[in-house]
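Chemist:
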Amino acid sequence: MFERDSPLRYAWRWIVAVVVSVAAAGWLAGLAAAQFTQDAAASRMATEAQLRASLLESEVARYRLLPTLLANDVDVLRSVDDAPGARETLDAQFAQLADATGAAAIFLLAPNGDTISASNANTPMSFLGQNFAFREYYREARRGGTGIDYARGTVSGRPGLFLSRGTANGGVVVVKLEFDELEAQWARGGGATMVEGQNGTVLITSDPALRFRSSDAGSEEGDLSALLGGAQIAAAVPIAVEGWKLVHAEPRAVALGGVVPIARLAGALAALAVLALTWIVLARRRRRVDMERARIARTAELESEVEARTRALRLEMDERAASEERAAALREGLRQANRLATLGQVTAGVAHETAQPVAAIRTYAANGVTLSERGDSAGVSENFVAISRLADRIGKITAELRNFSRKRTDKLEDVRLSDAMAGAQLILKERLRPIELHLAPEMETLTVRAGRVQLEQILVNLLQNSAEALVDVPDAKVMVSVRNESGMIVLNVADNGPGLSKAMMSRLFTPFSTEREGGLGLGLVIARDIARDMGGDLRHVANGGKGAAFELTLRPAGEVP
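Okay, so the sequence shown: first residue is 1 according to the UniProt record's numbering, each after it adds one.
Listed below in structure tokens is the structure:
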């Protein structure tokens with residue numbers, strides 16, 4: 001039909017190869033998917049069967065000891081002996097116990113099999129007077145002390161598991177379990193679940209239509225298929241109850257679902273895609289070589305551009321880091337200048353504080369010389385002790401000023417509020433002398449995370465501002481309170497001075513904004529900057545009356561930002 005080795009002949013060969021390959025791939029994919037899905041379903045059935053068997057065993061185990069415990073109960077023994085009033089009392093006890101444990105029924109049989117007490121004694125389905133001597137659980141309890149039987153109730157018509165135990169005086173205690181809730185739970189879980197007795201009879205099942213039907217489902221797949229209708233994937237596990245076994249099954253068609261046709265289609269498409277890709281790869285091979293050469297050239301060009309851009313970015317980053325360092329140095333310089341300016345303002349007060357101890361030292365020294373000439377060594381010693389105390393006082397003042405004047409170290413530590421406040425008071429002692437200062441007692445125990453010098457600088461700024469505002473105010477007061485708010489410690493410093501003008505409040509934290517003659521307008525700006533560096537904040541608040549109030553927010557001790 002075609003000439004040998006003609007292009008059309010090769011085209012037909014290619015088409016045939018494609019069709020055969022696609023068909024074979026689809027068939028193999030469907031076969032593999034069916035086997036894989038069936039194996040997975042079998043494994044799932046085994047796991048589900050084991051879980052449901054364990055659930056049933058635990059349900060039965062809950063009631064195993066109940067007949068034994070009741071068989072030794074005094075009221076049970078008295079009821080068997082027909083003690084006056086014992087059986088009516090036991091009826092109520094059985095009813096309460098059945099309600100508490102969830103048992104379907106609890107009842108007591110006399111030695112002849114008559115029911116003499118029952119949990120349902122006061123219901124239309126009462127067992128009282130019924131004789132159950134024909135039941136296997138009665139006969140087993142009479143023979144060996146315990147009995148177990150699964151049967152349909154003759155009064156209620158409902159199937160259940162009967163657990164029995166003989167009493168010492170010939171009676172038999174029986175507890176009946178029903179598995180309606182368990183069967184409903186199995187049904188909601190999907191598939192078919194059944195529990196078979198020793199003779200293959202279905203006792204407990206997710207499908208009530210299967211109950212008491214016979215099928216050796218654990219060994220003969222055909223019997224199970226006939227019972228459930230259609231091919232099944234099933235798993236059977238033994239149960240530790242009278243040789244029972246549990247079978248869980250699912251129709252093979254449901255387990256496989258639409259996997260096989262989908263797998264065949266996917267396999268065919270995959271094979272087709274592989275062949276198409278092979279064709280595309282061969283067609284683009286040469287193109288790829290050309291593109292690779294172009295890519296190498298472009299890569300070299302890009303690497304050169306990236307290197308140049310990297311150098312520019314590195315230079316920009318270095319310049320930015322240097323700028324930030326200069327800004328930080330400038331801020332710290334402003335803070336230092338603020339501290340030194342504060343020190344200059346309090347110099348007169350400090351001179352006053354140290355002048356008295358120095359004069360006293362001079363007097364004690366002169367007296368010491370006189371006492372030494374008199375030979376009064378005890379008096380000389382007392383003068384030396386007094387001189388030492390006065391020197392300590394001067395040293396404490398100068399040390400606080402020296403620490404306050406140092407530059408910050410950026411080291412945060414746990415600082416007691418009372419210690420920082422004491423340092424600020426020592427620096428401003430002369431300025432605060434005419435002011436009534438009220439400190440919250442909680443400051444003695446509260447500790448914050450801050451720099452000691454930085455915190456003192458903030459407090460000195462706040463107290464000094466209040467002192468300047470109170471110069472001409474009679475009954476001048478500064479109130480310092482403290483509270484916990486949202487995990488932070490808030491220090492409130494308020495005075496009863498004239499307060500701030502509206503114009504000043506609008507630019508309170510703007511650099512160089514001040515209404516005080518000779519002021520720089522940097523104190524509050526720097527104080528808030530320091531507070532924020534320590535993880536807190538500083539803000540002006542309304543104090544509900546006359547004067548000004550500021551709130552300093554600080555982190556509690558031990559907290560790391």
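For glycine and all other residues, C-beta sits at the position ideal for the given N, C-alpha and C.
So, using beta-carbon positions, are L97 and D75 closer together than 7 Å?
Modeler: With contacts defined as CB atoms closer than 7 Å, L97 and D75 fail to qualify as a contacting pair.
Chemist: Since A100 is in the alpha helix (DSSP H), which residue starts that stretch and which ends it?
Modeler: 86-101 is the extent of the alpha helix (DSSP H) around A100.
Chemist: Helix, strand or coil, according to DSSP, for F132 in the structure here?
Modeler: The answer is coil: DSSP assigns F132 none of H, G, I, E or B.
Chemist: What number of angstroms, rounded off, separates the C-alpha of T201 from the C-alpha of M45?
Modeler: 21 Å
Chemist: Which parts of the segment 488-530 are runs of the alpha helix (DSSP H), unbroken and 4 residues or longer, counting only runs that do not cross its ends?
Modeler: 502-506
Chemist: Answer yes or no: do I489 and L554 have a C-beta to C-beta separation smaller than 7 Å?
Modeler: yes
Chemist: Is the beta carbon of F127 less than 7 Å from the beta carbon of T146?
Modeler: Going by C-beta atoms, F127 is not nearer than 7 Å to T146.
Chemist: Comparing alpha-carbon positions, which option in L77, T37, L55 lies nearest P261?
Modeler: T37
Chemist: With DSSP as the reference, label A53 as helix, strand or coil.
Modeler: helix
Chemist: At what residues does the alpha helix (DSSP H) containing Q464 begin and finish?
Modeler: 452-469
Chemist: Exposed or buried, V20, counting other C-beta atoms within 10 Å across all chains shown (16 or more means buried)?
Modeler: exposed
Chemist: D414 bridges to which residues according to DSSP?
Modeler: R449
Chemist: In terms of residue numbering, what span does the beta strand (DSSP E) encompassing S117 cover?
Modeler: DSSP places S117 in the uninterrupted beta strand (DSSP E) bounded by 115-118.
Chemist: Using the Cα positions of V254 and I233, report the straight-line distance between them to the nearest angstrom.
Modeler: 10 Å
Chemist: Using a 10 Å radius around the Cβ and a threshold of 16 neighbouring Cβ atoms, would you call V369 buried or exposed?
Modeler: exposed
Chemist: Does DSSP put Y63 in a helix, a strand or coil?
Modeler: In the structure shown, Y63 sits in coil (DSSP, three-state: anything other than H, G, I, E or B).
Chemist: What's the gap between the Cα of Q454 and the Cα of A422?
Modeler: 14 Å
Chemist: From what residue to what residue does the alpha helix (DSSP H) around residue 584 run?
Modeler: Absent from the structure is residue 584, since the part of the chain shown begins at 1 and ends at 561.
Chemist: To the nearest whole angstrom, what separates the beta carbons of D207 and A192, a pair I think is in contact under 8 Å?
Modeler: 6 Å
Chemist: Please list, in chain order, all residues of the same chain as L66 whose beta carbon is under 6 Å from its beta carbon, the five residues on each side excluded.
Modeler: V175
Chemist: How far does the beta strand (DSSP E) with E178 in it extend, from its first residue to its last?
Modeler: Where E178 is concerned, there is no enclosing beta strand (DSSP E), given that its DSSP letter is neither H nor E.
Chemist: Tell me whether R309 sits in a helix, a strand or coil according to DSSP, three-state version.
Modeler: The answer is helix: DSSP assigns R309 an H, G or I state.
Chemist: What is the rounded straight-line gap between the Cα of G218 and the Cα of L31?
Modeler: Caution is warranted here: a pLDDT of 46 is assigned to G218, below 50, making its placement in the model unreliable, and no coordinate value can be reported.
Chemist: Quick check on D39: does DSSP put it in helix, strand or coil?
Modeler: helix
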